[in-house]
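K.L.:
Encoded as structure tokens, here's the structure I'll be asking about.
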Amino acid sequence: MGPTQKSTLQTLLSENRIFAPSADFVAQANFTDPGVYPTAFADPVEYWCSWAEMLDWFERWHTPLIWEKPFAQWFVGGKINACFNCLDRHVRAGRGDKLAFIAEGEPGDVRPVTYAEALVEVGKIANALKALGVKKGDRVCLYMPMVAELPLTMLACARIGAVHSVVFGGFSAESLHERINDAGAKALVTADGGFRRGAVVPLKRISDEALALGCPTIERVLVLERVHSHVLAATEAAKPVPDYDHGQWVEGRDVSWNALVPQQSPDCPCEPMDSEDPLFILYTSGSTGKPKGILHTTGGYLTQTYATAQMVFDLKDSDIYWCTADCGWVTGHSYIVYGPMQNGVTQVIYEGSPDTPDKDRFWQIIERHRVTILYTAPTAIRTFMKWGDEYPTRCDLTSLRLLGSVGEPINPEAWIWYHQTIGGERCPIVDTWWQTETGAIMISPLPGITKTKPGSATQPIPGIRAAILSEEGHDQTPVQGALGYMACAQEDSAPEHGPEVGGILAVTHPWPSMLRGIWGDPERYKQVYWSRFEDAYFPGDGAKVDSDGYFWLLGRIDDVMLVSGHNISTMEVESALVDHPSVAEAAVIGRTHELKGQAIAAFVILRAGAEPHEGLIDEIKAHVAQKIGALARPDDVFLAAELPKTRSGKIMRRLLRDVAEGRVLGDTTTLADPSVVAALKEKYEGQEG
Ligand code: 6R9
Numbered sequence: 000m001g002p003t004q005k006s007t008l009q010t011l012l013s014e015n016r017i018f019a020p021s022a023d024f025v026a027q028a029n030f031t032d033p034g035v036y037p038t039a040f041a042d043p044v045e046y047w048c049s050w051a052e053m054l055d056w057f058e059r060w061h062t063p064l065i066w067e068k069p070f071a072q073w074f075v076g077g078k079i080n081a082c083f084n085c086l087d088r089h090v091r092a093g094r095g096d097k098l099a100f101i102a103e104g105e106p107g108d109v110r111p112v113t114y115a116e117a118l119v120e121v122g123k124i125a126n127a128l129k130a131l132g133v134k135k136g137d138r139v140c141l142y143m144p145m146v147a148e149l150p151l152t153m154l155a156c157a158r159i160g161a162v163h164s165v166v167f168g169g170f171s172a173e174s175l176h177e178r179i180n181d182a183g184a185k186a187l188v189t190a191d192g193g194f195r196r197g198a199v200v201p202l203k204r205i206s207d208e209a210l211a212l213g214c215p216t217i218e219r220v221l222v223l224e225r226v227h228s229h230v231l232a233a234t235e236a237a238k239p240v241p242d243y244d245h246g247q248w249v250e251g252r253d254v255s256w257n258a259l260v261p262q263q264s265p266d267c268p269c270e271p272m273d274s275e276d277p278l279f280i281l282y283t284s285g286s287t288g289k290p291k292g293i294l295h296t297t298g299g300y301l302t303q304t305y306a307t308a309q310m311v312f313d314l315k316d317s318d319i320y321w322c323t324a325d326c327g328w329v330t331g332h333s334y335i336v337y338g339p340m341q342n343g344v345t346q347v348i349y350e351g352s353p354d355t356p357d358k359d360r361f362w363q364i365i366e367r368h369r370v371t372i373l374y375t376a377p378t379a380i381r382t383f384m385k386w387g388d389e390y391p392t393r394c395d396l397t398s399l400r401l402l403g404s405v406g407e408p409i410n411p412e413a414w415i416w417y418h419q420t421i422g423g424e425r426c427p428i429v430d431t432w433w434q435t436e437t438g439a440i441m442i443s444p445l446p447g448i449t450k451t452k453p454g455s456a457t458q459p460i461p462g463i464r465a466a467i468l469s470e471e472g473h474d475q476t477p478v479q480g481a482l483g484y485m486a487c488a489q490e491d492s493a494p495e496h497g498p499e500v501g502g503i504l505a506v507t508h509p510w511p512s513m514l515r516g517i518w519g520d521p522e523r524y525k526q527v528y529w530s531r532f533e534d535a536y537f538p539g540d541g542a543k544v545d546s547d548g549y550f551w552l553l554g555r556i557d558d559v560m561l562v563s564g565h566n567i568s569t570m571e572v573e574s575a576l577v578d579h580p581s582v583a584e585a586a587v588i589g590r591t592h593e594l595k596g597q598a599i600a601a602f603v604i605l606r607a608g609a610e611p612h613e614g615l616i617d618e619i620k621a622h623v624a625q626k627i628g629a630l631a632r633p634d635d636v637f638l639a640a641e642l643p644k645t646r647s648g649k650i651m652r653r654l655l656r657d658v659a660e661g662r663v664l665g666d667t668t669t670l671a672d673p674s675v676v677a678a679l680k681e682k683y684e685g686q687e688g
């Protein structure tokens, strides 16, 4: 059951504040001409070719796009190398002394790496991989901490044409085992450990466990001595390293990075890759079933990540950019490695948690390195709100000029807090909708052009055609493409909002960085993404569109409730809940209800300092009813200390449904901390809130 336009509550999300980019921002912005929208809409293929032209190709493509639904080939016949475009071309152009990374470890170690140094190190890593038998087309699994060696190893794989599959360092041995085998990886690159919340994550020990479960394709394991070398190079800021389990060294299989890599030659030629040769596989869990190995290829992916990084983040030579994601997620692939590095930007990367040693770590990093662009996730923003304003306000955040959000819908409350408390009301916010599958940003404001509305990712970027379709596949979008947006952009005063229409998001034209399939499973690819609509890609997200043609993403379709015949998105109720002054975070689910079909149950975390008093629960319920309408009033409000989240910070509502309906918990293996949901179950089993 999904959302339908006829039963959507018209009163939901009546957010109508509009923020135009400031004159100061526009004056310096890279892109200020809205004319790009209709031009790109009229001929997306031609538009993307104009971006592809800006990359360095060994051989130009002969055909821009071959589209045999659902299989796309972009820039067919072209030869290109991702690593060349991220490193060599900057060094050859005399920009080698520019910093590529300012890599801050959790213990306080800071390592600056220039583009020239990165090129030398990547050449050595690439030669080390070759020495271990890795060849073009082989898959290499990376299970590493978020230190400079992780993006550098990704680039080293790309340099020699090996396909990287990065597995986030928070995953368990079982998950790692499953991903290694699905990809058929030949080598594993890991580390003795990484630092997280003052402790060591024993990556080598977990790797040993994964391999012990049986990984027949793995021949060699390259082990970076991150923790050990940190101890050797201990700075004053560094604390003594806690005891941790190093795992077992297996002779003949395990190789020390610190022994092998430094002795390699830095000279390693770039493999000329076909535009459609695989660049990487990245596993995405999905709510059910086994993880999908999302496959991305080279030319189209490079083109769209390069273009979107430049357009959406308004990148300048003078910027210090910081994306807080880990390279284990697609955001780290596209907006730490390939997008920003093709643009030659200087960026901060950070290994650890935001509350070590204290809850102001992010703001300290911004102050210390004079960060100008911050790209983070709503789950982090809501956590910072919960911790309180004292942490950001005691740091100097005036270097910031642009803020970004990704990963989930950002509720207006969090948007406004981000805008005011972090952005000092001067930074545009780019709320960027995209997926592992889309490879790059698809729906987002352009910060020098778009008027933003808190909670809306606004419009498809130039070159992307998307629409909100009804259950039956009819287009609900009031104005095609950018035209409605342009009307809004050119109004001087806030336009009237017409009724919002609900439906399902669809992408209606192939795009360069689209997934090329699910590794080893073309049937599943067709079934998951291309069977819902006749002629469009199905991302699985519910959405609404307003009369300006602005898109409001509502989360996964599975997260839409049907209460007494009305579709209510969990996100909208959550948004109303966190609007209550005592509420920091909320997760909402629909539990089966005899009369209503579904009843709304809310799990709520109170803000720091808010005491649960008599009547608070009723007050919170009334607040939702007042914000949205009586229909959306939750039946239950449960107070919780934490919410069950995946390791990338997405709330797992499926498990909350299990709790609220008193069922045995489903699969919890992708949870960041399985004890959170177990505790909720214990507390609320059979109880009414
Ligand atoms: C990049 C990334 C993809 C899913 C996607 C959607 C949600 C991401 C969003 C957003 C609303 C945004 N999502 N960005 N929802 N507004 N700006 O997160 O990839 O981990 O594959 O997740 O995340 O539901 O379908 P991935």
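For the sequence shown, numbering that gives the first Met the number 0 begins at 0 and goes up steadily by one.
Built from N, CA and C at the ideal position, the CB exists for glycine as well.
Nothing here was measured: the structure is a model prediction, and the numbers come from that model.
Within the 9 Å Cβ cut-off, does Asp578 reach chain D?
P.N.:
Of the protein chains in this structure there is only one, and it is not chain D.
K.L.:
Flag this pair as touching only if the stretch 192-201 and the stretch 340-354 have three or more C-beta atom pairs under 8 Å; answer yes or no.
P.N.:
Yes, since at least three Cβ pairs between the stretch 192-201 and the stretch 340-354 fall closer than 8 Å, the two stretches touch.
K.L.:
With DSSP as the reference, label Ala376 as helix, strand or coil.
P.N.:
In this structure, Ala376 counts as coil in the three-state DSSP scheme.
K.L.:
Going by C-alpha to C-alpha distance, which of Ile627, Gln475, Pro538 and Met513 sits closest to Val544?
P.N.:
The candidate whose alpha carbon is nearest that of Val544 is Gln475.
K.L.:
Helix, strand or coil for Ala481, going by three-state DSSP, please let me know.
P.N.:
Residue placement at Ala481 is flagged as unreliable, the pLDDT there being 47, under the threshold of 50; the coordinate-derived value follows with that caveat. Three-state DSSP puts Ala481 in coil, outside helix and strand.
K.L.:
For Cys214 and Arg367, what's the separation of their Cα atoms in angstroms?
P.N.:
Those two C-alpha atoms are separated by around 43 Å.
K.L.:
For Ala19, which of helix, strand or coil comes out of DSSP?
P.N.:
Coil at Ala19, not helix or strand.
K.L.:
Can you tell me where the alpha helix (DSSP H) with Tyr300 in it begins and where it stops?
P.N.:
Gly298 to Val311 is the extent of the alpha helix (DSSP H) around Tyr300.
K.L.:
If distances are taken between C-alpha atoms only, which option among Arg653, Lys649 and Pro69 comes closest to Thr382?
P.N.:
Taking only the C-alpha atoms, the option nearest Thr382 is Lys649.
K.L.:
So, is Gly132 buried or exposed, given that buried needs 16 or more other C-beta atoms within 10 angstroms?
P.N.:
By the 10 Å Cβ count, Gly132 comes out exposed.
K.L.:
For Trp47, which of helix, strand or coil comes out of DSSP?
P.N.:
Looking at Trp47 - three-state DSSP - the assignment turns out to be helix.
K.L.:
Return the chain-ordered list of same chain residues with a C-beta closer than 8 Å to the C-beta of Leu670, the five sequence neighbours on each side being excluded.
P.N.:
The residues are Pro643, Lys644, Thr645, Arg646, Met651, Leu654 and Val676.
K.L.:
Taking all protein chains shown into account, do 16 or more other C-beta atoms lie within 10 angstroms of the C-beta of Lys134, making it buried, or fewer, making it exposed?
P.N.:
Exposed, since its Cβ has fewer than 16 Cβ neighbours within 10 Å.
K.L.:
Kindly indicate the opening and closing residues of the alpha helix (DSSP H) around Ala92.
P.N.:
Careful: Ala92 lies outside any alpha helix (DSSP H) and carries neither H nor E.
K.L.:
Considering only DSSP beta bridges, list what Ile65 is partnered with.
P.N.:
According to DSSP, Ile65 bridges with Gln72.
K.L.:
Tell me the rounded alpha-carbon separation between Ala659 and Ser443.
P.N.:
So the alpha carbons of these two residues sit roughly 35 Å apart.
K.L.:
Here's the rule: buried if 16 or more other CB atoms are within 10 angstroms of the residue's CB, otherwise exposed. What is Leu576?
P.N.:
Its Cβ being crowded by 16 or more others within 10 Å, Leu576 is buried.
K.L.:
Taking buried to mean at least 16 other C-beta atoms within 10 Å of its own C-beta, is Asn15 buried or exposed?
P.N.:
Under this definition Asn15 is an exposed residue.
K.L.:
Under 8 Å by Cβ, that's how I've got Leu314 and Tyr320 pegged, so tell me the actual separation to the nearest angstrom.
P.N.:
With 8 Å as the limit, Leu314 and Tyr320 qualify as a contact, their Cβ atoms being about 7 Å apart.
K.L.:
Which word fits Lys680, buried or exposed, when buried means at least 16 other C-beta atoms lie within 10 angstroms of its C-beta?
P.N.:
Classification of Lys680: buried, given that the 10 Å Cβ count is 16 or more.
K.L.:
Kindly provide the ranges of any alpha helix (DSSP H) runs that are 4 or more residues long and lie completely inside the stretch 165-242, ordered along the chain.
P.N.:
Listed in chain order, the complete alpha helix (DSSP H) runs (minimum 4 residues) inside the stretch 165-242 are 172-182, 202-211 and 225-231.
K.L.:
Would you say the beta carbon of Arg653 comes nearer than 8 Å to a heavy atom of the ligand 6R9?
P.N.:
No.
K.L.:
Cutting at 6 Å between CB atoms, please list the residues of its own chain near Ala125, excluding the five before and the five after it.
P.N.:
Excluding residues within five positions, the ones whose Cβ falls inside 6 Å are Ala155, Arg158, Ile159 and Cys267.
K.L.:
Between which residues of its own chain and Leu482 is the CB-CB distance below 6 Å, once the five residues before and five after are set aside?
P.N.:
With a pLDDT of 49 at Leu482, under the threshold of 50, the predicted position of this residue should be treated as unreliable, though the coordinate-derived value follows. None.
K.L.:
In three-state terms, what does DSSP make of Val344?
P.N.:
In the structure shown, Val344 sits in coil (DSSP, three-state: anything other than H, G, I, E or B).
K.L.:
Measure how close the beta-carbons of Gly502 and Leu552 come, nearest whole angstrom, since I'm counting them as under 8 Å.
P.N.:
In fact, because the Cβ distance is near 12 Å, the residues do not count as touching under 8 Å.
K.L.:
Using the rule of at least 16 other Cβ atoms within 10 Å of the residue's Cβ for burial, across every protein chain shown, is Glu235 buried or exposed?
P.N.:
Low per-residue confidence applies at Glu235: pLDDT is 48, beneath 50, and the placement is therefore not dependable enough to give any value.
K.L.:
What are the residues that DSSP puts in a beta bridge with Trp551?
P.N.:
Its beta-bridge partners are Lys543.
K.L.:
Look at the alpha carbon of Cys426 and the alpha carbon of Gly299, and state the distance between them as a whole number of angstroms.
P.N.:
One C-alpha to the other measures close to 31 Å.
K.L.:
Using only alpha-carbon positions, find the residue among Leu561, Trp433, Glu613 and Ser264 that is nearest to Leu594.
P.N.:
Ranking Leu561, Trp433, Glu613 and Ser264 by Cα distance to Leu594 puts Leu561 first.
K.L.:
Based on Cα-Cα distance, which residue from Glu610, Asp672, Ile599 and Asp617 lies nearest to Arg656?
P.N.:
Of Glu610, Asp672, Ile599 and Asp617, the residue nearest in Cα terms is Ile599.
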